[in-house]
Each structure stands twice: as structure tokens, then as C-alpha cells.
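Protein sequence lines correspond, in order, to chains A and B. With positions in the first sequence counted from 1, the corresponding number in the working numbering is that position plus 3. Numbering-wise, the working numbering puts 29 at position 36 of the second sequence, and it's gapless, one number per residue. In this text, a Cβ means the ideal position worked out from N, Cα and C, and glycines have one as well.
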Amino acid sequence: MKTAAFPELASMAFRNLGRHRVKTAVTVTAVAISVALYIFIDGWLLGMNLDSKRNIVAFEAGAARIQSKAWFAKKDELPMYESFGGHEALSARLDEAGFDTAPRFLFEGTLLSRERSAPIAFIAMDPGREAKLLRWQDYVASGRAPVPGRFEIALGSMAAGKLRVDLPARPDAAEFEAMLAAAADADEAVFVRGLYLDAPPDRVAPAEFRRLKPVLAAMPGGKDVLRAYELPWDGDAWRLRKDARPAAFGELAAALRAAGFDFQPRHTLRPDASRTDRDRLWAILAASGRMDVRISTVIDIKELPARVDASKFEAELLPALRSDDRALASRAYPADPASGDRALAEADPGRRDRLLRAMLDAGFAPAVRHVNQLIDAVVVGTVDSPNPKTNGNVAYMPSDALQDEAGMMLEGRITELLVRAKGADDTALPDPGESPRAVKAALGGALPAGLEVYGWLDGVEDYIAASRGDEVSTRVMVGLLFVLSFIGIANTMLMAILERSKETGMLRALGMTGGQVLAVYVMEAAAIGLLGSAIGVAAGCLVNVPMVAYGIDYSGMLENMGTDYGYRVVAFFRSAWNPPVIAASALVATLVSGLMAIPPTLRALKVPVTESLRFE
Amino acid sequence: MTVVETTGLSKDYLTNGLTVHALRGVSLSFARGDFAAVAGPSGSGKSTFLHLVGCLDEPSAGTIAIEGEDVASLGRRDQALLRRSRIGFIFQAYNLIPVLSALENVTLPLVLLGESRTAARSDAERALAEVGLEGMGNRRPKEMSGGQQQRVAIARALVKKPSLILADEPTANLDSATGRDILELMLALNRDEGTTFIFSTHDRMVMDYARRLIVLKDGLVDSETGS
Ligand SMILES: Nc1ncnc2c1ncn2[C@@H]1O[C@H](COP(=O)(O)OP(=O)(O)OP(=O)(O)O)[C@@H](O)[C@H]1O
Ligand SMILES: [Mg+2]
Chain A
4 MKTAAFPELA SMAFRNLGRH RVKTAVTVTA VAISVALYIF IDGWLLGMNL
54 DSKRNIVAFE AGAARIQSKA WFAKKDELPM YESFGGHEAL SARLDEAGFD
104 TAPRFLFEGT LLSRERSAPI AFIAMDPGRE AKLLRWQDYV ASGRAPVPGR
154 FEIALGSMAA GKLRVDLPAR PDAAEFEAML AAAADADEAV FVRGLYLDAP
204 PDRVAPAEFR RLKPVLAAMP GGKDVLRAYE LPWDGDAWRL RKDARPAAFG
254 ELAAALRAAG FDFQPRHTLR PDASRTDRDR LWAILAASGR MDVRISTVID
304 IKELPARVDA SKFEAELLPA LRSDDRALAS RAYPADPASG DRALAEADPG
354 RRDRLLRAML DAGFAPAVRH VNQLIDAVVV GTVDSPNPKT NGNVAYMPSD
404 ALQDEAGMML EGRITELLVR AKGADDTALP DPGESPRAVK AALGGALPAG
454 LEVYGWLDGV EDYIAASRGD EVSTRVMVGL LFVLSFIGIA NTMLMAILER
504 SKETGMLRAL GMTGGQVLAV YVMEAAAIGL LGSAIGVAAG CLVNVPMVAY
554 GIDYSGMLEN MGTDYGYRVV AFFRSAWNPP VIAASALVAT LVSGLMAIPP
604 TLRALKVPVT ESLRFE
Chain B
-6 MTVVETTGLS KDYLTNGLTV HALRGVSLSF ARGDFAAVAG PSGSGKSTFL
44 HLVGCLDEPS AGTIAIEGED VASLGRRDQA LLRRSRIGFI FQAYNLIPVL
94 SALENVTLPL VLLGESRTAA RSDAERALAE VGLEGMGNRR PKEMSGGQQQ
144 RVAIARALVK KPSLILADEP TANLDSATGR DILELMLALN RDEGTTFIFS
194 THDRMVMDYA RRLIVLKDGL VDSETGS
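1. Would you check if the stretch 81 to 88 of chain B and the stretch 138 to 146 of chain B touch, i.e. whether three or more CB-CB distances between them fall below 8 Å?
2. Note down, in chain order, each residue of its chain lying with its Cβ closer than 8 Å to the Cβ of A/Ala231, except the 5 sequence neighbours on either side.
3. Which residues, taken in chain order from the stretch 85 to 110 of chain B, show a beta carbon closer than 9 Å to some beta carbon of chain A?
4. Report whether the distance from the Cβ of B/Ser216 to the nearest heavy atom of ligand 2 is below 6 Å.
5. Rounded to whole angstroms, what's the CA-CA distance from A/Leu616 to A/Lys505? Just pull it up for me.
6. Would you check if the distance between the CB atom of A/Thr593 and the CB atom of A/Trp74 is smaller than 7 Å?
7. Report buried or exposed for A/Gly453, applying the criterion of at least 16 other Cβ atoms within 10 angstroms of its Cβ.
8. Cβ of A/Gly159 within 7 Å of Cβ of A/Val397?
9. Pull up the CB-CB distance for A/Thr385 and A/Ala61, whole angstroms please, since I reckon it's below 8 Å.
10. If I follow the unbroken alpha helix (DSSP H) through A/Glu133, where does it start and stop?
11. Compare the C-beta of A/Met509 against all C-beta atoms of chain B and say whether one is closer than 7 Å.
12. Can a CB atom of chain B be found closer than 7 Å to the CB of A/Leu513?
13. Please output, in chain order, the residues near ligand 2 using a CB cut-off of less than 7 Å to any non-hydrogen atom of the ligand.
14. Contact between the stretch 540 to 547 of chain A and the stretch 38 to 46 of chain A: three or more CB pairs below 8 Å?
15. So what's B/Met137 in DSSP terms, helix, strand or just coil?
16. Where do the ends of the beta strand (DSSP E) carrying B/Lys210 lie?
17. In the DSSP output, which residue or residues are listed as bridge partners for A/Val456?
18. Looking at C-alpha atoms only, which residue of B/Ile207, B/Val208, B/Leu151 is the closest neighbour of B/Glu186?
19. Please name the residues in the stretch 496 to 507 of chain A whose beta-carbon is closer than 8 Å to at least one beta-carbon of chain B, in chain order.
20. Report back the beta-carbon spacing between B/Leu159 and B/Leu16 to the nearest angstrom; my notes put them in contact at under 8 Å.
21. Just verifying my parser: in three-state terms, what is the DSSP assignment at A/Met4?
22. By DSSP, does A/Tyr232 sit in helix, in strand, or in coil?
23. Identify whether A/Asp295 lies in helix, strand or coil by the three-state DSSP scheme.
24. May I ask you to report which of helix, strand or coil DSSP gives A/Gln267?
25. Pick from A/Leu533, A/Met509, A/Ala370, A/Ser596: whose alpha carbon is nearest that of A/Ala607?
26. Cα separation between A/Ala586 and A/Gly395?
27. Hey, A/Ala121 and A/Leu166: beta-carbon distance below 7 Å or not?
28. Note down the Cα distance separating A/Gly462 from A/Ile69, rounded to an integer number of angstroms.
29. What is the DSSP secondary structure of A/Tyr199, counted as helix, strand or coil?
30. Buried or exposed: which applies to A/Lys392, given that a residue is buried once 16 or more other Cβ atoms fall within 10 Å of its Cβ?
31. Where does B/His44 sit, in a helix, a strand or coil, going by DSSP?
32. Would you say B/Gly130 faces chain A, with C-beta separation under 7 Å as the test?
33. Compare the beta carbon distance of A/Ala105 and A/Leu136 with 7 Å and say whether it is the shorter of the two.
34. Taking 6 Å as the cut-off, does the CB of B/Ala15 come closer than this to any heavy atom belonging to ligand 1?
35. Quick one: is the Cβ of B/Tyr6 within less than 6 Å of any heavy atom of ligand 1?
36. In the DSSP assignment, the beta strand (DSSP E) including A/Val422 goes from what residue to what residue?
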């Protein structure tokens, strides 16, 4: 193709854009919206994922983790019988190689407070070593972190709220009375009362509100009350706005009372209460026993059963074993003619170990013995970190208190050893030097068979699933939007090229080749895409600036979702910049737009020139 | 020297299952400097003939040679290049490119031929002056009268100095005085540049300008005078 004429062809293409300005503007807008939305959503997903990953590493997982393969295979049930001992040797070795380690023992149980109970995932850990890898202890919102050697718990703030083992944020009248009663003397009672503001009621019935309205409107300060309430679209009553300032609650309550509305006081913890005051309040409430809890759990002990029912032995165990283990089992459990059961008769420790392993691998239930256990403890603090996993039904306890029969009979065993490079930046994702491979290399041959080094992403399937699902569904959604705007361009170009049939004929009569005609129309369509992309990129970036800097506060939404929605982000969802995607979305929109002109142009070029010229 | 030579040129159109024989074997030859009118009643095949000669459509039978080159042997692209370099068109409906100014319309054929932008512009300005449109180069087609538009179309056809200009009823949309002007213009070009003109018409006045008159009837040459 003659390229000498390119500027003329381009100029023709751009002038063609102005022939139907409204249509062009609509099409450009459609592309712009698609591109802007894509940039926004991509930045949002990237930000959520980046923050989630950072928070997984900094609050949950460290960089790598040593676990038994058997535990990992059954990790959903937290199989404490698949714990392992001898981790101090591993820690020492990794310490020399420049890694910090934190031993943990995970188990499930029920936490019973004075009033309620909830299922909780317990993490028995070493607070000092844990602090070197993970940051949750920096996010103890009320109270303090547990101290080694004591039966103390730091509880996820949401669980603490549900179990009522925290500082009550908005106690009702009865609860507030109980709190005052917990005060040891009048001084303390005054202190407690001073920490709480008299609060207006959460809800006002519509009839009551109608009655109060004119009274308040005529009163000094009454307008503030009216402004503090809203009637939600699905509401049956006026509600105190979520964003109403607690500092003004006293005045609001007073105004309501002055207007003749008699209501039960509902106190609100002063939002400006100092750390010292909060700690003192915690101590007062703890002294009254409010923070006392009891852990109900089951200790799983793997152990060869002394006797096995004969039919169970033959129908369940033997078929599940490999043939050599089957012989071993049959020899170890001879039939007991007296009872008809199979009774354990194997004394050799090696053979006993091998048989127990085989039974566990076969999922033979009698190989695990369950012992019910009740442990008294006290909640000393609540955790409220940027990772919702730490704020949910999670309890952190010092593992050294749980070693013997008074605790969990751990006897030095752990379920995982978290690993992170010493001095690693805990806002950064792990680097290759902290990968499972690197950790393994550092351990040399010291890693016992049966244990494995896993990466930080290996245990967070819920996050990966949520992230992948969102990724796919949002991209499909925006993809559809793109398709729609491309259909718009295709239609615009089809109409334009049909309408300009005669003109196309004349261009060909003048000696323009098919390629040159194609170039004019492709450039015209691409210009629509480029213009749309430019506006879209500008708009997308404009929206992204505050989204990256401040994020959106979703705390209201999160209240309904709880802590188990996969992403490890709390309250603020922040976006991140993704320049390659921004550039690519603009480029793709421009290119695909251009392509949209090809089919109608090729069709127009197929007919003889006379045919085009005849067209009116 | 022969500029156009057709032998047994035929064109059939198939419409609604009916075959229309628009041309049925026309053999004509035009020499350099010819100023020839193709006349005949409506539907006699005048436009069809000009279109085939201009490589705007494929004949059903017969051959066309432009300056000795057999057009049928050329691909689409080469036909476009042939039109670009050697043939100028003038249509009854002017057919200017609406988004381009008069000057740009006239410049376009030169730019397509690879002429530099400045040279093309000054050539185009000269061509516009020749057709009496000096200083009107910046106007868009819709800002001009029919006669002015047709002058631009003529300037566009002649600016690249083609060996052949095909004009299909160039004056049919114009009043007779303007038509006369246009014809005088064409005649002057023919005289000064030696450009070959083949134009179709129904108009006796136009035929009078022609030095050669070919009358078609039902797709056949009915009579030929002049040559
Ligand atoms: N594209 C086409 N499809 C079908 N029939 C056509 C086509 N073009 C021309 N014809 C037919 O071919 C015949 C010759 O048409 P042509 O346009 O060449 O005549 P003409 O002499 O130019 O007539 P006019 O003086 O009206 O312009 C007519 O019968 C016409 O209907
Ligand atoms: Mg005609």
C-alpha cells in the first residue's frame, strides 16, 4: 500500500467522526465507561488481593510452615493427633540459617463465657516467638496479649462481642447496672459511669417520631436530634444514624428527654476513652468475673486400641490396609476366643508404630482415642487486626500452660512451625529466600520423614477460592460490557459504511485501493476506541486516586458478612495501581474497535465499483 | 495512438432472474485527443460502456485495452492503480467527497499518486483556477452550487493529467448556460493538453460540441459519425 497518502487518509477518517456527532459521542461514551470500569475493578481486585496477601503473611501464615503431611491432608478437621515433637531441633537449625520460627498447636473447642458459648479455633503459641513473625499482638484492641505460663486468652474481637467478654460498647440498662455493681467501690462506680455517655435510643417508633417532630423542631438543639435519625427504606422505625457522633449523644438524649420522650437509657462507651481508662475498665470487669471462660474440647490421642470388635476388624480395617500391613494387623490382633474380639498382643515398638500409622492412614476411627477436657481460662484482651481471620472465632493462648493434664497434654508437640526470614519486612510478601524450597534447603537432611514445608498460600484455600471466583465473575461482567460497546461500534461503523456507499465507490474510482479504503474506515473506528479509551483511562484513574489513597469503608457491609468471606481485608478496601492493565485495556479497546470496521468494509469492497456508485 | 480499444464488449445484468443485455458486442477504438460523445436513448448502454472502459465493472464478454494494456489481465488492485494513474472520472452527480474541501478533493488524486503535499496543493490550486474557481478551494461541496461542484469534479479529473477522461452525462444536472461553460472547459483542456474525452449525453447541444459522435441503441453501436 502507498503510505505516502497516510496523513490524508487519517484526516479523512477523523473528519468522518464528525459526521454524526451524537452517535459518535454515544459510542465513545460506551467505550469510555467500559474502560473506566475495567480499570476501576481491576485496581480494586488487585488492591484487595495485595492487602489480603500481605495480611495473610503478616497475621496468619508467615512465609512458610512445617507441618506433618498427615495433618495437612486432613487440615480441615484440625487433627491434633497428627502433631509432631522435636521441633526445637528444627528451630535451632533454622535460627542458624537466619530464620525466625514460631511453634503453634491448633485445636478446636467451644468457649463458654458466663452467658454464652461459641465454637472457637484455638491457637496455642509462644507469645514471644510469635511476635517476631506475626503482628496480631500489635492489634490487641482492648486489654492485653496473653502472658506465657498463664491460662490467658486473646480473643477475636467479634467472638468476644458475641460472648460478651469485652468492653461493652453499648450496654442496655440492665447490663449497665450490672457493670456498676461490678465496681468495687463508689470511686470505681463513678469512673465506670464517666466512661459511658448517656445515649439516645437506637430506634424510635414512627408514631412517636411524628409526635416529637414539631416539638423538637421548635426547640434549641432539637434539629440536631431530627438530623441524627433516619427512616431506612426497609425500616419499621426511625433509627439512630450509624454516623451519628457519640460525643454528641449526651445532648441528643437530653433534648429528647426535654421534648417529653421517656426512654430507657442505653449507654455508649466514650469513643475518646484513653487506653489507660479502657484497661482500668477491663480490670474492673475482669475482677467481677465477666472475662472468665471455660474451654471445652476433646483431646485426640492416637493409640493402638486394646480391643477391636471382630467384625469391624475384618469388614473395616483389613480391606483398607495394604497387604503387608494386613498380615501385620492380623498377627498383632489375634482373635480372643473368650470375648470374640480381637485383642492387641503386639509388643515390639517398631511394629506397633507401623501398624498405628497404617490404621491412621486407612482412616480407622478406633486408632484415635478422644478425651473430653475442660480448661478454665480468662480472656485478657481482644484482637482487632486488619486481617478478619484474627478477629473472628479465634483464641490465642500461651502453649506452655497447656503442656500437662491441666491443659492439653501437649508434651512439647506442635501442629505447625511457622517460618519467616529474620528481619523480613512484614508488609512485604515473602521473597524467594523464604520459599518452602529455601527453608528445606536450610534444614538440609534435618527434616524428618512425615513432615513437609508448605508455603504461605498452601493453607488459605478460602482466600484463593474467593479471589479466583471474584476475578472470574467480575472480569466476565466487565468483558460483557466491552462486548456491548464493541457491538455499538460495529453497528455505528456498519451504518456509516452503508450510508457512504456512493462515496466509497468514488474513492475507488479515484484509484484508492481496497487496503486504503479499509485503512480509512479502520482508523475511524479505532479513533472512536482511542477517544473512548483516553476518556475511560482518565476517568478510571481519577476514581482510582482516592481509591488507592483512602479506599472505601465497607465496615457496615462486613458486619453482615462476618469474618469468613475469604479476603483478608477489614473495613477499608483499597485499590492498587496496575499500569500494565491500564495500558492494555486502552490498547485492546482501540484495537478491537478498529477491527469492528473490517467486516462491513470488506463487504462494501466486494461489490463492483459501479454497484457502490449507484447506491443512493 | 490508440488510448482505448474495445472489442465485442458485452455486459449482461441479472435482475430478478431476468437477464438484461446492457451491451451486446461493442467494438470501438479511441485515439489520443479524441473528443467523443456517446449518445443514445435511455437504457441504451451509455453508462455501462463508460463504466466498463473505466474498469469500474467487469465485462461479461469482450476485451478492453487501455493504452495497449488488456484490462482483464489485471487484478483488482492493479485496476485501481490504473484508474489512479490514467483515468479521470466525471459523473452526473459530481460525487465529491463531502468531508473534504474543494481543494482537498482535487489534491487527493495527486496525493494517492505519491506526489508531495506542497506540489499537490499548488497543482490543485492551479487546476481549480483553470476551471474558474480561484479562491474557492476552502469551501466544502455542500457550500457550492451544482455548476461549481461539477467544476471541482472536472478539476479533480484533470489535475493528474490522465490520458483519458470519462464523463457520464456531465452536464445533465446543470442549466444550459452552465453546461455550455463546462463543455467549453473540457474542450479547452482537450485542445491544450491533448486529453482524450469520452462523454455520454442525451443533449443535442452537447453532441454538437463533440468531434465524434457514437450513437448506441439497445447495447449496440447504431451509428458513428466524425472520427
Ligand atoms: N447494475 C445494474 N443492474 C441491472 N441492470 C442494469 C444495471 N445497470 C444498468 N442496467 C440496465 O442496463 C441497461 C443499460 O443501462 P445504462 O445505465 O448503461 O443505460 P444508459 O444508456 O446510461 O441510460 P440513461 O440514459 O438512462 O443513463 C438498462 O436496461 C439498465 O436497466
Ligand atoms: Mg446512464
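Looking at the coordinates:
1. yes
2. Within the first sequence, residue 231 of chain A is the residue found at index 228, counting from 1. If we look at A/Ala231 and ignore the five residues flanking it on each side, its Cβ neighbours are Pro203, Leu243, Arg244, Ala247, Ala251, Leu255.
3. Ala86, Asn88, Leu89, Ile90, Pro91, Val92, Leu93, Glu97, Thr100, Leu101, Pro102, Val104, Leu105, Leu106, Gly107, Glu108, Ser109, Arg110
4. Taking the second sequence and counting its residues from 1, the one referred to as residue 216 of chain B is at position 223. Flag unset: Cβ of B/Ser216 not near ligand 2.
5. Locating residue 616 of chain A in the first sequence gives position 613, counting from the first residue. Locating residue 505 of chain A in the first sequence gives position 502, counting from the first residue. One C-alpha to the other measures close to 4 Å.
6. Counted from its first residue, the first sequence places residue 593 of chain A at position 590. Counted from its first residue, the first sequence places residue 74 of chain A at position 71. In this structure, A/Trp74 does not lie closer than 7 Å to A/Thr593 by Cβ.
7. Working through the first sequence from its first residue, we reach residue 453 of chain A at position 450. That one is exposed.
8. Locating residue 159 of chain A in the first sequence gives position 156, counting from the first residue. Locating residue 397 of chain A in the first sequence gives position 394, counting from the first residue. Yes, they are a contact pair.
9. Counting from one through the first sequence, the residue named residue 385 of chain A turns up at place 382. Counting from one through the first sequence, the residue named residue 61 of chain A turns up at place 58. So it is not a contact: roughly 19 Å between Cβ atoms.
10. Working through the first sequence from its first residue, we reach residue 133 of chain A at position 130. Unbroken alpha helix (DSSP H) run through A/Glu133: 130 to 136.
11. Numbered from 1 along the first sequence, position 506 holds the residue referred to as residue 509 of chain A. Chain B contact via Cβ: present.
12. Counting from 1 along the first sequence, the entry for residue 513 of chain A is found at position 510. Yes, its Cβ sits closer than 7 Å to a Cβ of chain B.
13. B/Lys39, B/Ser40, B/Asp161, B/Glu162, B/Ser193
14. yes
15. Here the question's residue 137 of chain B lines up with position 144 in the second sequence. Note: B/Met137 maps to coil in three-state DSSP.
16. To locate residue 210 of chain B, count along the second sequence from 1; it is residue 217. Segment 205 to 210, the beta strand (DSSP E) holding B/Lys210.
17. Looking up residue 456 of chain A in the first sequence gives position 453. A/Ile69.
18. Locating residue 186 of chain B in the second sequence gives position 193, counting from the first residue. The residue with the shortest Cα to Cα distance from B/Glu186 is B/Leu151.
19. Lys505, Glu506
20. Position 166 of the second sequence, counted from the start, is the residue given in the question as residue 159 of chain B. Position 23 of the second sequence, counted from the start, is the residue given in the question as residue 16 of chain B. Not quite, the Cβ-Cβ distance comes to about 15 Å (not below 8 Å), so this is no contact.
21. Numbered from 1 along the first sequence, position 1 holds the residue referred to as residue 4 of chain A. At A/Met4, the pLDDT of 44 sits below 50, so the modelled position is not reliable and the matter cannot be decided from this model.
22. Taking the first sequence and counting its residues from 1, one reaches residue 232 of chain A at position 229. Strand.
23. As a working mapping, residue 295 of chain A is identified with position 292 in the first sequence. It is a strand residue.
24. Against the first sequence, residue 267 of chain A aligns to sequence position 264. Correct three-state label for A/Gln267: coil.
25. Position 604 of the first sequence, counted from the start, is the residue given in the question as residue 607 of chain A. The option with the nearest alpha carbon to A/Ala607 is A/Met509.
26. In the first sequence, the residue the question calls residue 586 of chain A occupies position 583. In the first sequence, the residue the question calls residue 395 of chain A occupies position 392. Going by the C-alpha atoms only, they are around 40 Å apart.
27. Against the first sequence, residue 121 of chain A aligns to sequence position 118. Against the first sequence, residue 166 of chain A aligns to sequence position 163. Yes, Cβ-Cβ distance for A/Ala121 and A/Leu166 is below 7 Å.
28. Locating residue 462 of chain A in the first sequence gives position 459, counting from the first residue. Locating residue 69 of chain A in the first sequence gives position 66, counting from the first residue. Computed Cα separation, rounded: 12 Å.
29. By 1-based counting over the first sequence, the position of residue 199 of chain A is 196. Note: A/Tyr199 maps to strand in three-state DSSP.
30. As a first step, residue 392 of chain A must be located in the first sequence, where it is residue number 389. A/Lys392 is buried by the Cβ-count criterion.
31. In the second sequence, counting from the first residue as 1, residue 44 of chain B sits at position 51. Of the three classes helix, strand and coil, the one that applies to B/His44 here is helix, per DSSP.
32. What you label residue 130 of chain B is simply residue 137 of the second sequence in a count that begins at 1. Chain A, which has no Cβ nearer than 7 Å to the Cβ of B/Gly130, makes this no.
33. By one-based count along the first sequence, residue 105 of chain A stands at place 102. By one-based count along the first sequence, residue 136 of chain A stands at place 133. Yes, the Cβ-Cβ distance between A/Ala105 and A/Leu136 is below 7 Å.
34. Residue numbering aside, residue 15 of chain B sits at position 22 when the second sequence is read from its first letter. Because some heavy atom of ligand 1 lies under 6 Å away, the Cβ of B/Ala15 counts as near it: yes.
35. On the second sequence, position 13 is the one that residue 6 of chain B refers to. Within the cutoff, so yes.
36. Residue 422 of chain A sits at position 419 when you count from the first residue of the first sequence. It spans 419 to 424 - the beta strand (DSSP E) in which A/Val422 sits, taken as one unbroken run.
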